[in-house]
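With the sequence shown counted from 1, adding 333 to any position gets you our numbering.
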Amino acid sequence: KSNIDRFVMARLEAAKMMPNPSAEKHILIRRAYLDLIGIPPTPEQVKAFINDAKPDSLARVVDELLRSKHYGERWARHWLDVARYSDGLGGFLDAADLPNAWRYRDWVVQSLNEDMPYNEFVIRQIAGDVRKPETDAVATGFFAVGPTYISDGGDPEATLQAQAETLADRVDTFSRAFLGLTVACARCHDHKFDPITTKDYYAIAGVFKNTAIGELSLASKEVIEAQKINEEKVRLAQQALKQFTKSLQDPEKKEKPKFTQEEQNGDRQENSTAKSPGYSCFKRKWQCRHECCS
């Protein structure tokens, strides 16, 4: 038993309560797998665990699961919910992709799998671009993957409103994640329950207001230049293909027969001739079974 077990047991004994009996081994291994990696064990893994009579069998299974890459994938989802992670831009723009958002997601997964200390985990997400921009800037995706409000009309007042909403989201996410407080509640008035003033809110918002959100190139200058050259080649090829396709369509338009007004009027008169009183039947449009068409 661990120290935590002894601590819990002491409280139970003080309350004159007895713990539940130990679960069977097939239940223990299933709990361990679902809790740590979110995937149930295979029948072979369950059988091997049941047949392992060593007292540290469960501890070894737990250590193995903690070394699995699926551990980070499973538990990263909890933090990504805190960071309001999304592959889209959020809100009514959520259908639009947020390029490279997955890099922050993968960084969180990797951090958990590498057992990064929590203080380092927090510092990199808040100031990674300042400390080591060449390696830790991706961690600041904590602030970039959330919704960014914009004004579609270009009205100055609406633009300022959109900026204020974006700042409120940054402050709210930051304070909930790292302080456990809803600082955004003090945006319009002092907090009603916690000792947070409106001045405190705008002090934090001022930090994010002075932070420029931009894009960093992940490729070298040589790769970027080569991409521009290839994109120009593709553009020229598409332009040539468009012209060639147009040249094939033009002769078809010229060879299309044109009827005179008299020919068109005659065709209408022929089609409008009724073969039975009261209605007309046209074989060219549908198969008629009336005697007039037989």
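In this text, a Cβ means the ideal position worked out from N, Cα and C, and glycines have one as well.
Continuous alpha helix (DSSP H) stretch holding residue i: start and end
i: K334; result: Run containing K334: none; DSSP gives neither H nor E here.
i: V395; result: 390 to 399
i: E490; result: 489 to 511
i: A538; result: 531 to 542
i: L431; result: Per DSSP, L431 belongs to no alpha helix (DSSP H) and is neither H nor E.
i: R417; result: No alpha helix (DSSP H) holds R417; DSSP gives it neither H nor E.
i: V463; result: 451 to 464
i: H359; result: 358 to 369
i: G474; result: 474 to 477
i: K380; result: 376 to 384
C-alpha distance - residue i paired with residue j, whole-angstrom precision
i: V442; j: L574; result: 45 Å
i: A517; j: Y418; result: 19 Å
i: Q571; j: R520; result: 52 Å
i: F454; j: T530; result: 28 Å
i: P528; j: Y366; result: 42 Å
i: E558; j: D502; result: 37 Å
i: A304; j: D448; result: Outside the modelled stretch of the chain, which goes from 334 to 627, sits residue 304, for which no answer is possible.
i: R464; j: F475; result: 16 Å
i: Y437; j: H411; result: 14 Å
i: F392; j: N452; result: As written in the sequence, residue 392 is Ala, which differs from the Phe given in the question. Taking the straight line joining both Cα atoms gives about 27 Å.
i: P352; j: S335; result: 15 Å
i: S609; j: Q576; result: In this prediction, S609 has a pLDDT of 47, which is less than 50 and means its spatial position is unreliable; what the coordinates show is noted afterwards. Looking at the two C-alpha atoms, the distance is approximately 53 Å.
i: H359; j: K387; result: 15 Å
i: V540; j: L500; result: 10 Å
i: V341; j: A495; result: 50 Å
i: A510; j: A343; result: 33 Å
i: A497; j: D368; result: 40 Å
i: T468; j: K579; result: 50 Å
i: A348; j: D389; result: 30 Å
i: N384; j: V394; result: 13 Å
i: P354; j: S401; result: 29 Å
i: L493; j: G487; result: 10 Å
i: R568; j: Q560; result: 12 Å
Proximity to residue i [Cα-Cα], best of the options
i: R407; options: R436, K554, P373, F340; result: P373
i: P432; options: S550, R464, T515; result: S550
i: G479; options: R464, D439, G421; result: G421
i: T375; options: V504, I459, I362, N384; result: I362
i: K318; options: G371, L345, F541, E357; result: In the structure as shown, the chain begins at 334 and stops at 627. Residue 318 is therefore absent and cannot be evaluated.
i: A477; options: D533, E467, W435; result: W435
i: Q458; options: H522, P450, E467, T473; result: T473
i: I537; options: V567, D505, S553; result: D505
i: E548; options: P466, T515, D389; result: P466
i: D533; options: T544, R364, S508; result: S508
Nearest-angstrom Cβ-Cβ length linking residue i and residue j, presumed shorter than 8 Å
i: L398; j: Y404; result: 6 Å
i: L445; j: A470; result: Going by Cβ atoms, the distance from L445 to A470 rounds to 19 Å, so no, they are not a contact pair.
Check: residue i C-beta below 8 Å from any heavy atom of the ligand NAP
i: D488; result: No copy of the ligand NAP appears in this structure; indeed no ligand is present at all.
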